[in-house]
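Undergrad: Handing you this structure, nothing more for now.
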Amino acid sequence: MLQPAIENTSTNEATNLEEEIEIDEEEEDFGQYEYSHLKEELVTYIQESEQSLNAKSVLLERNNNAASNRPDAAEIAKRDSSIKKNSSFIKKMRNLGAPQIDLLVAECHSLNLSKYLSEAASAIVEAKIKFTDIPSAVLLCTEINCTYPEFARPLQDEFIKVLAVNKDEPVANANRLRVELCFYAELSLCGIIPARLSLPVLGTTLTALSQDKTFNTLSLILSFCKHCGPDFAGLVPRRIRLLCEQFSMTLKKTTLLGASKQESVRNLLHDYYLSLCRHLCSEQVRLSAYEKQSRQILMAKGELRNDRVSTAEVMRTEIQTLLSGAVTLAELLDVELPELPDADFQDLQLGDGEDCSGGHVWEDEMTRMFYTQLPDIKEYLAQLNKQEEEKEKSTTESDSLKPEDSDSTSKKSGLETFLKLLPNCSNREMIDNAALEFLVYFNSKIGRKKLSITLFTVPRTRLELLPLYARFVAILNPVVPEVGTNLCQQLKSETLRHINKKDQVNIESKKKTVKFVGELVNFGVYAKKEVLRVLKLLLYDFTHHNIEMVCSLLETCGCVLYAASDTHLSTKYYLEQMMRLKTMMALDSRYVTLIENAYYHILPPENTVIQPPVQLTPLQLFISKMIYNDLMEPSLEMKVLNGLRCLDWDSKETAAYAVLCLTRAFNVSYSRIQALARVVSKLTDYQEEAVCCVVDGVLEDIRLGMEVNKALMNQRRVAMIKYLGELYNYRLLDTSDILRVLYSLLSFEVVVNQAQVFSVDPPTSVIRLHLILLLLNTCLFPLSNPDTLKKLKYFCTYFQHYYWMKRSSPLWSEDRPFPKDLVYRFEDVVLYISSDFTLAKSLEEASDSVANINMKLFSEVAQNNPVYFRTGMDR
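Taking the UniProt record's numbering, the leading residue of the sequence shown gets 1, the next gets one more, and so forth.
Shown next, in the form of structure tokens:
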């Protein structure tokens, strides 16, 4: 509920008033926090811009006055002109970087480069510099230009070679051209290369880049706008302009280039942006038409060629790249992104708005549990291995000297007895115990081979064993995939043999084979595409026994095939083909009944009432679709935000469901959690109270995960921690909230004594380590301010103690080692927070570090509050 219910009693009114006051105070604190950070961001940008402009102005004035301040020829002649020293200097220039600039400038003043200016210019242009090295390179060029007036001409010639771009040919080395273009622009601004020479070259290069019809040069244009846009086109990013208007600040504009020239460059970039938008629209229309044609082919033939699917994926990727570039360019040019047509990014395996749920998959809850809930065989084996190790330690040396012949004989006879008794397993509990027994006692190469043969040769009259045997194989598959692979291969060969033989005998064996295949499909052991191939072959010769095989197969696994997104349309196509064949062929009434039963088993008649688990209203379905489906596409992000704004937030039911959907980040694709957080942050301007409820819900869900600690919730917990970090990145939480969550993960129901095992945080459960590292990696950059870093350093000490508590657990062994990725991730994060942090090498060292920190903090608090501690000691 977003608003407290107001009762007529005075007590409830007072309580509600207090709650409203608390909410107002929290909103005010959040607003002040966001206000200060935005203002700090703007001030930093203005300061950096002014510093850069002042530095360029100084260099420009120095280069313009270089003629009157250059040393005379006699003074230059006194400098060292040896080939060895000058060649060494030019070699160093090829590895130009910010750390070496002072040494290079000093060495430049001691050398006579009069005969090596062309080599120096070539070395500077060929140097593999980064954007951060451009100011240093410009400074070095200034020093040389102020000494040698002939330096500008060879430097200009070298850059002309690099910046020569043909609009009809792709750029050979885009990364190098991106840096060299900005480098050349800076040389022009600082007066090293005269404007009368440099500006025509820049104009020619930019014109050629902007005329690329495939827009492969988009990254080059974006780089130029970002680094040189303010100077050459007077660009101010939209975000900075809005912040300046909000805080009534003025951004000093550059005057290094004339206003008319800036306008020309700005018009060129704007025309390129409009062409990009038109190209993006046409590509989206082309993709929609291509996917529509693909769906028609899929409906007609039941399958698509791999090259057609891959082509659609390439087209989607290209459109996403263009869309991202268009959004960035619109931000830099401070223009509105035009209304783009909605691209149909649906999976080609699904239909146009097709519902692949099939209405139902399992008949009841017990059936669903039978096929979906399997015992965790790996956890059981880990406990068993631990018990076996303890038994081995307690055995005596005399036991090891006993002959092993009797053991091998007993195991062989035991395996035969086990396989004979396997058909007696008549329920889920018995078959689960049989799977565990096989893994413990008979898991050998011979045992697996004999087991595959026994499962394959199940009697054709014992069809009730097929679901149990399929469950048996599914339980073994994570640990012993060999059994499932061999069985699937045998069944595949047997099925193809029955189809190719075309005899009309042994129908029981044929039905048994396809039913066994269907049961394995239900458990995910048998490949669904192979089953569709079998269906296609059977429908090709839809007569006699093939009809019964098709119906048996569909009744066994048809619902699963229809509900799966990758086989939905193909299954639907084959079902329609089967019904068409039934209508066209003069079949016996028995076959007609079989076909209709199989069809309506998957697609019940419309008058059949199937109650869904939760009945949602159309508005709730619309909200779910916006958040969980539309938000998956970056192009629809603003559309989702506008849709949320249009909701009736005064309705308690609507607001509560919208908050619930915005809170459940685990229902969103992991790669789009950041987009969900961005939408929530933008929603703050319109529904602050709802956003507060979302944040509270996220914190509550994280707390619930710590209290329950079920393995099934691990993916949910990872998604919610990621969501929390992204919400913090968008300033929806305070730093203290993040630290509170971090310390809760370290301390909530954590048992320090390793002799005790607590179910909430067992010794071998490392999920909290993953969550802490994920949260730190997600929001580490915003946390990297001096005040917070000090708190994080203290946290790292306690985190290290918890880490070593987990790592030093005796439950880890060579067969079950501590995860290596956690070791590397822990060290990387801790050293990133504090490069001088001392990593402990054992639990004892980590405990000592915690004790030292506790003593230090205790002494600081005692010094700041002496009266309090003296009173406490007197008591």
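Cβ coordinates follow ideal geometry from the N, Cα and C atoms, glycine included. It should be emphasised that the depicted structure is a prediction, and the values quoted were computed from it without experimental measurement.
If you measure between the beta carbons of residue 159 and residue 184, is that distance less than 7 angstroms?
TA: If you number the sequence shown from 1, residue 159 lands on position 159. If you number the sequence shown from 1, residue 184 lands on position 184. The answer is yes: Cβ separation under 7 angstroms.
Undergrad: Let's test the definition: count the other Cβ atoms within 10 Å of the Cβ of residue 93 and tell me whether it reaches 16, buried, or not, exposed.
TA: Residue numbering aside, residue 93 sits at position 93 when the sequence shown is read from its first letter. When all chains shown are included, residue 93 counts as buried.
Undergrad: What is the DSSP secondary structure of residue 432, reduced to helix, strand or coil?
TA: Stepping through the sequence shown from its first residue, residue 432 is reached at position 432. Residue state, collapsed to three classes: helix.
Undergrad: Determine the extent of the alpha helix (DSSP H) in which residue 642 is found, giving its start and end residues.
TA: Taking the first residue of the sequence shown as 1, we reach residue 642 at position 642. Element bounds for residue 642: 637 to 645.
Undergrad: Residue 538: which of 501, 715, 508, 39 sits nearest, CA to CA?
TA: Translated into the one-based positions of the sequence shown, residue 538 becomes position 538. Looking at the Cα atoms, 501 is the closest of the given residues.
Undergrad: How far does the alpha helix (DSSP H) with residue 82 in it extend, from its first residue to its last?
TA: For the purposes of this step, residue 82 is taken as residue 82 along the sequence shown, with counting starting at 1. It is not in any alpha helix (DSSP H) - residue 82 carries neither H nor E in the DSSP assignment.
Undergrad: I'd like the list of long-range same chain contacts for residue 229, defined as Cβ closer than 7 angstroms, with 5 residues on each side in sequence excluded.
TA: Along the sequence shown, read from residue 1 onward, the residue named residue 229 stands at position 229. Answer for residue 229: 235, 332, listed in chain order.
Undergrad: What did DSSP end up calling residue 860 once you bin it into helix, strand or coil?
TA: Residue numbering aside, residue 860 sits at position 860 when the sequence shown is read from its first letter. Correct three-state label for residue 860: helix.
Undergrad: Identify the continuous alpha helix (DSSP H) that holds residue 615 and give its terminal residues.
TA: Walking along the sequence shown from the start, residue 615 turns up at place 615. It is not in any alpha helix (DSSP H) - residue 615 carries neither H nor E in the DSSP assignment.
Undergrad: Measuring CB to CB, does residue 822 end up less than 7 angstroms from residue 769?
TA: Against the sequence shown, residue 822 aligns to sequence position 822. Against the sequence shown, residue 769 aligns to sequence position 769. Cβ atoms of residue 822 and residue 769: closer than 7 angstroms.
Undergrad: From residue 197 to residue 335, what does the alpha carbon distance come to, in whole angstroms?
TA: Position 197 of the sequence shown holds residue 197. Position 335 of the sequence shown holds residue 335. Their backbone Cα atoms lie some 32 angstroms apart in a straight line.
Undergrad: Can you tell which of 858, 219, 135, 200 has the C-alpha that lies nearest to the C-alpha of residue 176?
TA: Residue 176 sits at position 176 when you count from the first residue of the sequence shown. Residue 219 is the option with its Cα nearest to residue 176.
Undergrad: Given residue 137, which residues of its chain have a CB within under 6 angstroms of its CB, disregarding the five upstream and five downstream residues?
TA: On the sequence shown, position 137 is the one that residue 137 refers to. Taken in chain order, the residues that qualify are 96, 129.
Undergrad: Counting only the same chain and skipping the five closest in sequence on each side, list residues whose C-beta sits under 8 angstroms from that of residue 324.
TA: For the purposes of this step, residue 324 is taken as residue 324 along the sequence shown, with counting starting at 1. Result list for residue 324: 634, in chain order.
Undergrad: Once you ignore the five residues that flank residue 357 on each side, which residues in its own chain have a CB closer than 8 angstroms to its CB?
TA: What you label residue 357 is simply residue 357 of the sequence shown in a count that begins at 1. In this prediction, residue 357 scores a pLDDT of 47, lower than 50, which makes its location untrustworthy; the coordinate-derived value is nonetheless stated afterwards. Once the five neighbours on either side are set aside, the close Cβ partners of residue 357 are 563.
Undergrad: Could you spell out the range, first to last residue, of the alpha helix (DSSP H) harbouring residue 949?
TA: What the structure shows of the chain is the stretch from 1 to 875, and residue 949 is not part of that stretch, so it cannot be assessed.
Undergrad: Return the Cβ separation of residue 141 and residue 192 in integer angstroms, given the expectation that the two are a contact with Cβ distance under 8 angstroms.
TA: Counting from one through the sequence shown, the residue named residue 141 turns up at place 141. Counting from one through the sequence shown, the residue named residue 192 turns up at place 192. Contact holds; Cβ gap of about 5 angstroms.
Undergrad: Under three-state DSSP, which class holds residue 113?
TA: Translated into the one-based positions of the sequence shown, residue 113 becomes position 113. Looking at residue 113 - three-state DSSP - the assignment turns out to be coil, as it is neither helix nor strand.
Undergrad: So the alpha helix (DSSP H) residue 306 belongs to, where does it begin and stop?
TA: For the purposes of this step, residue 306 is taken as the residue at position 306 of the sequence shown. It spans 306 to 333 - the alpha helix (DSSP H) in which residue 306 sits, taken as one unbroken run.
Undergrad: If you draw a straight line from the C-alpha of residue 862 to the C-alpha of residue 760, how long is it?
TA: In the sequence shown, counting from the first residue as 1, residue 862 sits at position 862. In the sequence shown, counting from the first residue as 1, residue 760 sits at position 760. Rounded to the nearest angstrom, the two C-alpha atoms are 35 angstroms apart.
Undergrad: DSSP three-state call for residue 232: helix, strand or coil?
TA: Reading the sequence shown from its first residue, position 232 is the one you call residue 232. Note: residue 232 maps to helix in three-state DSSP.
Undergrad: Around the C-beta of residue 545, are 16 or more other C-beta atoms found within 10 angstroms, so that it is buried, or is it exposed?
TA: Taking the sequence shown and counting its residues from 1, one reaches residue 545 at position 545. Buried.
Undergrad: With distance defined between alpha-carbon atoms, name the residue in 789, 372, 430, 88 nearest to residue 879.
TA: With the chain represented from 1 up to 875, any question about residue 879 goes unanswered, as that position is not in the structure.
Undergrad: Which value, in whole angstroms, describes the spacing of the CA atoms of residue 51 and residue 247?
TA: Working through the sequence shown from its first residue, we reach residue 51 at position 51. Working through the sequence shown from its first residue, we reach residue 247 at position 247. In a straight line, the C-alpha of residue 51 is about 21 angstroms away from that of residue 247.
Undergrad: Under a Cβ-count criterion, where at least 16 other Cβ atoms within 10 Å of its own Cβ denotes burial, should residue 109 be classed as buried or exposed?
TA: Taking the sequence shown and counting its residues from 1, the one referred to as residue 109 is at position 109. It is exposed - the Cβ of residue 109 has fewer than 16 other Cβ atoms within 10 Å.
Undergrad: With H, G and I counted as helix, E and B as strand and the rest as coil, what does DSSP make of residue 148?
TA: Within the sequence shown, numbered from 1, the residue matching residue 148 stands at position 148. Residue 148 falls in the coil class under three-state DSSP.
Undergrad: Rounding to the nearest angstrom, what Cα-Cα distance links residue 305 and residue 663 in this structure?
TA: On the sequence shown, position 305 is the one that residue 305 refers to. On the sequence shown, position 663 is the one that residue 663 refers to. Rounded to the nearest angstrom, the two C-alpha atoms are 40 angstroms apart.
Undergrad: Closer than 7 angstroms by C-beta to residue 397: which residues in its own chain qualify, once you throw out the five before and the five after it? Chain order, please.
TA: By 1-based counting over the sequence shown, the position of residue 397 is 397. Because the pLDDT at residue 397 is just 46, under 50, the model does not fix this residue reliably, and the value given afterwards should be weighed accordingly. No residues qualify anywhere along the chain.
Undergrad: Three Cβ pairs or more, each shorter than 8 angstroms: is that satisfied between the region 782 to 792 and the region 804 to 817?
TA: No, the region 782 to 792 does not touch the region 804 to 817.
Undergrad: Would you list, in sequence order, the uninterrupted beta strand (DSSP E) runs of no fewer than 3 residues that lie entirely inside the region 233 to 294?
TA: Runs of the beta strand (DSSP E) inside the region 233 to 294: none found.
Undergrad: Contact defined as beta carbons within less than 8 angstroms: I believe residue 601 pairs with residue 558. What is the distance between those atoms, to the nearest angstrom?
TA: Walking along the sequence shown from the start, residue 601 turns up at place 601. Walking along the sequence shown from the start, residue 558 turns up at place 558. Right, the Cβ-Cβ distance comes to about 7 angstroms (below 8 angstroms), so this counts as a contact.
Undergrad: Let me know the secondary structure DSSP gives residue 569 once reduced to three states.
TA: Reading the sequence shown from its first residue, position 569 is the one you call residue 569. Residue 569 falls in the helix class under three-state DSSP.
Undergrad: Just verifying my parser: in three-state terms, what is the DSSP assignment at residue 956?
TA: One cannot answer for residue 956 here, as it falls past the ends of the chain, which runs 1 to 875.
Undergrad: Alpha carbon to alpha carbon, how far is residue 681 from residue 626? Give it in angstroms, no decimals.
TA: One-based indexing of the sequence shown puts residue 626 at position 626. One-based indexing of the sequence shown puts residue 681 at position 681. Between residue 626 and residue 681, the C-alpha separation is close to 16 angstroms.
Undergrad: Helix, strand or coil, according to DSSP, for residue 425 in the structure here?
TA: Looking up residue 425 in the sequence shown gives position 425. Three-state result, residue 425: coil.
Undergrad: Let me make sure I understand the geometry here. Which of 554, 565, 589, 586 has the alpha-carbon closest to that of residue 576?
TA: Counting from 1 along the sequence shown, the entry for residue 576 is found at position 576. Comparing Cα-Cα distances from residue 576 to each of 554, 565, 589, 586, the minimum goes to 554.
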